[in-house]
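Chain order of the listed sequences is S and C. The first sequence begins at 4 in my numbering and counts up one residue at a time. The second sequence begins at 432 in my numbering and counts up one residue at a time. Every residue, glycine too, gets a C-beta built ideally from N, C-alpha and C. Here's the structure, in structure tokens; my notes come after.
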Amino acid sequence: MSKGLIIIPAHNEEENLKTLIPEIRQKVSDMDIVVINDYSTDRTSDLARELGVNVVDLPCNLGYGGAVQTGFKYAMKNNYDYCVQIDGDGQHDPSGISSLIDELQSNGTDVALGSRFLGKADYNIPFARRSGMVLFSKIIKTLSGLKITDPTSGYQALNSRVIKFFANDNYPIDYPDADTLIMLNFSGFKVKEVPVTMRDRTFGESMHNNLKAFYYVFKMFLAIFVIVLRGKNFYLKANQF
Amino acid sequence: MDLRARVFVILISLGILFFVINLVRKKYLKENYAIMWVLTFVVMSIVPMFINYLDQVAYAVGISYPPALLYLMALMFIFVLILNFSVIVSKLSEQNKTLIQNLGILESKIKQLESSLNSPKVTTLNGSGHKELSQTKN
Numbered sequence: 004m005s006k007g008l009i010i011i012p013a014h015n016e017e018e019n020l021k022t023l024i025p026e027i028r029q030k031v032s033d034m035d036i037v038v039i040n041d042y043s044t045d046r047t048s049d050l051a052r053e054l055g056v057n058v059v060d061l062p063c064n065l066g067y068g069g070a071v072q073t074g075f076k077y078a079m080k081n082n083y084d085y086c087v088q089i090d091g092d093g094q095h096d097p098s099g100i101s102s103l104i105d106e107l108q109s110n111g112t113d114v115a116l117g118s119r120f121l122g123k124a125d126y127n128i129p130f131a132r133r134s135g136m137v138l139f140s141k142i143i144k145t146l147s148g149l150k151i152t153d154p155t156s157g158y159q160a161l162n163s164r165v166i167k168f169f170a171n172d173n174y175p176i177d178y179p180d181a182d183t184l185i186m187l188n189f190s191g192f193k194v195k196e197v198p199v200t201m202r203d204r205t206f207g208e209s210m211h212n213n214l215k216a217f218y219y220v221f222k223m224f225l226a227i228f229v230i231v232l233r234g235k236n237f238y239l240k241a242n243q244f
Numbered sequence: 432m433d434l435r436a437r438v439f440v441i442l443i444s445l446g447i448l449f450f451v452i453n454l455v456r457k458k459y460l461k462e463n464y465a466i467m468w469v470l471t472f473v474v475m476s477i478v479p480m481f482i483n484y485l486d487q488v489a490y491a492v493g494i495s496y497p498p499a500l501l502y503l504m505a506l507m508f509i510f511v512l513i514l515n516f517s518v519i520v521s522k523l524s525e526q527n528k529t530l531i532q533n534l535g536i537l538e539s540k541i542k543q544l545e546s547s548l549n550s551p552k553v554t555t556l557n558g559s560g561h562k563e564l565s566q567t568k569n
């Protein structure tokens, strides 16, 4: 029987977790849940424990990617066969979990990526961010042939091979994005998008802000450039363990 | 360059060199990070003897004001030193991240084990040894 884990990275998400965890429990019954508490200053950790899920408290703030990677390490150490990563801010509708897992288990996909744009297109995304997404989708298509509509999605299901790959380095500390997808493709993993519903966040502040956007786009270009420089051979070798 | 000026520069360089070595001796500076500083000040204390060649080198690379070459080289050298620090910082932050992640995972495991030790069901099931453990904890 295969063992599945739901990873919830959370930084000050007390209010959102209150509704999110029971909602996940209602939709999925056969998976463990772990909350990666990225040094929250509110009651995120206590609340998650009261709700009966496992909690990993990070002693310093690592950032989104660092928290998610902690989840992958946790999954690897506890021998989980697959995991679903879902944001703690409540933007990812838990009803998508089952479709992500279906994709993972039925089609030999290594990474099932939740996309809010596949199928529907009535979301309010600021122009700047939307154009960034279109640009990076084009870059991904050119470099890897992958058709990705929502490269910034943090809603995904992974099998144990990818968990291992991400747990051993290979994961950015801030936000996984186009560079991570190209890297997965170069490493020989099969990535597929699955339509999911995403909602507006109910409480707390969003992690993307305009000041960081410039830095972010430049960092992304540099990251992609370096991945192309390293080439497929580098990643295929890195993946053989 | 005047002889007095050369002696002055050599003395300062040697002074700092001994200061660096003393830092290593007192273990305030690790050997691996001290090497580049030791080399720097060894070079600094030798360079004044050959300063006359500076003009020739400057003209050879097309710099008409020789001291500018000196400043350029010094600046480039400092950039390389700082770059080296960025490399070290990257390595340290990567190690730091790994430590934070593993510490978090270990702590969660300890908490799980503690709570399973404290729950009465497990204590009675596992026999006397475990009971003792949980009692010392309380």
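CB contact flag (residue i, residue j, <9 Å)
i: S476/C; j: L448/C; result: yes
i: V114/S; j: A160/S; result: yes
i: F189/S; j: Y238/S; result: yes
i: K540/C; j: G69/S; result: no
i: S48/S; j: V37/S; result: no
i: L65/S; j: M34/S; result: no
i: I166/S; j: V87/S; result: no
i: G91/S; j: E16/S; result: yes
i: N81/S; j: D60/S; result: no
i: K6/S; j: P97/S; result: no
i: Q543/C; j: N57/S; result: yes
i: I104/S; j: Y85/S; result: yes
i: I531/C; j: C63/S; result: yes
i: H95/S; j: Y178/S; result: no
i: T471/C; j: L512/C; result: yes
i: G111/S; j: K193/S; result: yes
i: L184/S; j: T152/S; result: no
i: Q72/S; j: I176/S; result: yes
i: A491/C; j: A499/C; result: no
i: L225/S; j: N162/S; result: no
i: V455/C; j: E462/C; result: yes
Option nearest residue i by Cα separation, candidates the options
i: Q243/S; options: N171/S, G157/S and A181/S; result: N171/S
i: A436/C; options: Y464/C, L470/C and V478/C; result: V478/C
i: I230/S; options: A216/S, M186/S, V194/S and K215/S; result: M186/S
i: N155/S; options: R164/S, N173/S and S134/S; result: What sits at residue 155/S in the sequence shown is Thr, not Asn. Among R164/S, N173/S and S134/S, the Cα nearest to that of T155/S belongs to S134/S.
i: A51/S; options: V137/S, S32/S, Y178/S and T22/S; result: T22/S
i: I536/C; options: L121/S, K76/S and S101/S; result: K76/S
i: I100/S; options: P198/S, K235/S and F224/S; result: P198/S
i: S147/S; options: A216/S, I227/S, D84/S and L116/S; result: I227/S
i: T200/S; options: I142/S, L116/S, M223/S and A216/S; result: L116/S
i: M480/C; options: S546/C, L434/C and S547/C; result: L434/C
i: F130/S; options: K240/S, A216/S, L149/S and N162/S; result: A216/S
Per-residue contacts from residue i into chain S (C-beta, under 8 Å)
i: I536/C; result: V59, T73, K76, Y77 and K80
Within-9 Å CB hit, residue i to chain C
i: P12/S; result: no
i: I24/S; result: no
i: G69/S; result: yes
i: M210/S; result: Confidence at M210/S is low in this model, with a pLDDT of 49, below 50, so its placement is unreliable and the value that follows should be read with caution. False, the Cβ-Cβ gap to chain C never drops below 9 Å.
Listed by chain order, chain C residues near residue i by CB distance under 7 Å
i: I176/S; result: K528
Residue i, buried or exposed, once every other Cβ within 10 Å from all chains shown has been counted against 16
i: I89/S; result: buried
i: S43/S; result: buried
i: V526/C; result: The sequence shown places Gln at residue 526/C, rather than the Val named in the question. So Q526/C counts as exposed.
i: Q487/C; result: exposed
i: N549/C; result: exposed
i: S521/C; result: exposed
i: T145/S; result: exposed
i: V438/C; result: exposed
i: Y67/S; result: buried
i: P12/S; result: buried
i: D203/S; result: exposed
i: N453/C; result: exposed
i: M136/S; result: buried
i: A505/C; result: exposed
i: F450/C; result: exposed
Contact set between residue i and chain S, taken where Cβ atoms lie within less than 9 Å
i: Q487/C; result: None at all; the shortest Cβ gap to chain S is about 40 Å.
Beta carbon proximity, residue i to chain S, threshold 9 Å
i: N453/C; result: no
i: N549/C; result: no
i: K458/C; result: no
i: K542/C; result: yes
Partners in chain S for residue i, counting only beta-carbon separations shorter than 7 Å
i: I477/C; result: Near I477/C there are no residues of chain S at all, since even the closest Cβ is about 39 Å away, more than 7 Å.
i: I531/C; result: L61, P62, C63 and L65
Under 9 Å from the C-beta of residue i: neighbouring residues of chain A
i: S539/C; result: This model lacks chain A altogether; the protein chains it does include are S and C.
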